[in-house]
Ligand code: ISE
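In the numbering used here, the protein residues as written are 339 to 680.
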């Protein structure tokens, strides 16, 4: 492992980008933010306000030209990812790309093709749930078969409200994309089919947004995961999973904070946003990625996993539009992404 800190450009200074800048500068060992790439000048300035010496640029190409970068953290919105990933791959830097890798399987395949021209997998996708302590415990329980075979999962994915511009397709591509990655990871096999049903509409959702929705993910051997996605549920941010086994059930995600007894009531605090709910998972993910890159590898979901999730999203969008059960199809996995390949 090199002893020099990893010199990183963070692309995007919105909620996630600014959060990663803070994480990398305050809590990550062996990392140094050298540039923030953000077309919105005031956002860029706010992200580097207390970081003297950190350059700001509006385009990735300008940051790559600094010739002082080892890695890039991509936290711009998904539709902009491909335009950042392709020149970064060409420049030979390592990349941690926030989910989704790209919004479509077609663009994900273009990214895979570009990555395969490099010497080794250079992209890790920011599916942070795989680094959450309880998700890791649940995976261990599933793999151990201690409770018998896993039969089904009940997943709830709840956001208090939607940001401006959030559309119905984003229920799939921006939100349920997390389950589209974490369910196959937990179960240990790909998703074979998707179905979407729409219950009574929440009248508190912005006009034109029909939610909540129920997304049914079916894995290859028939494990069913039902996902309730609610994005204007008002009370807070909550992600839970109940796993049904042959011998019992397991629950994760009841991560509430302080309990209080007051005024004849018992109350328990709940998160209001993903940056706190998954703060430790993000910290672990980023630290492990930095360590891995300094040793010349990645340590988490690859661009291939990003492509798989993009393919499931695509089937999910058809299921959402038609109400039909839609089978997912995948391209064959290139040997480059073989887990045993060095
Ligand atoms: C957001 O982009 C995230 O990634 C959150 O984890 C998810 O819960 C939310 O629905 C998305 O909009």
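Idealized CB from N, CA, C, for every residue including glycine.
Since we're looking at a predicted model, the values are computed, not measured.
- Going by DSSP, residue 575 is part of no beta strand (DSSP E) at all; its letter is neither H nor E.
- Every residue with a CB closer than 5 Å to a heavy atom of the ligand ISE is listed here in chain order: 497, 512, 513 and 612.
- Check the Cα spacing between residue 612 and each of 465, 550, 510 and 652: the tightest is with 465.
- Annotation for residue 638: 462 place their beta carbon closer than 6 Å to its own, counting only its chain and skipping 5 residues before and after.
- Following the DSSP letters along the chain, one finds residue 403 inside the alpha helix (DSSP H) bounded by residues 398–403.
- A straight line joining the alpha-carbon of residue 522 with that of residue 391 spans about 42 Å.
- In terms of Cβ geometry, residue 431 and residue 409 form a close pair [threshold 8 Å].
- As a beta-bridge residue in DSSP terms, residue 600 pairs with 603.
- Counting only runs of 3+ residues, the beta strand (DSSP E) found wholly inside the region 420–472 occupies 432–436 and 461–464, in chain order.
- Judged by beta-carbon spacing, residue 598 lies within the 8 Å limit of residue 605, meaning their Cβ atoms are closer than that value.
- Within the same chain, and ignoring the five residues on either side of residue 525 in sequence, the residues whose Cβ sits closer than 6 Å to its Cβ are 557 and 561.
- Here DSSP, grouped into helix, strand and coil, assigns residue 622 to helix.
- Annotated three-state conformation of residue 590 is strand, per DSSP.
- If you look at residue 565, you'll find it in the beta strand (DSSP E) that goes 562–568.
- Here the alpha carbon of residue 625 sits roughly 12 Å from the alpha carbon of residue 364.
- If you look at residue 348, you'll find it in the beta strand (DSSP E) that goes 344–349.
- For residue 370, the secondary structure class from DSSP, reduced to helix, strand or coil, is strand.
- For residue 661, the closest C-alpha among the options 631, 402 and 552 is that of 552.
- In this structure residue 371 is in contact with residue 359, their Cβ atoms being roughly 6 Å apart against a cut-off of 8 Å.
- Between residue 644 and residue 446, the C-beta gap is smaller than 8 Å, which places the two residues in contact.
- For residue 436, the closest C-alpha among the options 570, 516 and 425 is that of 516.
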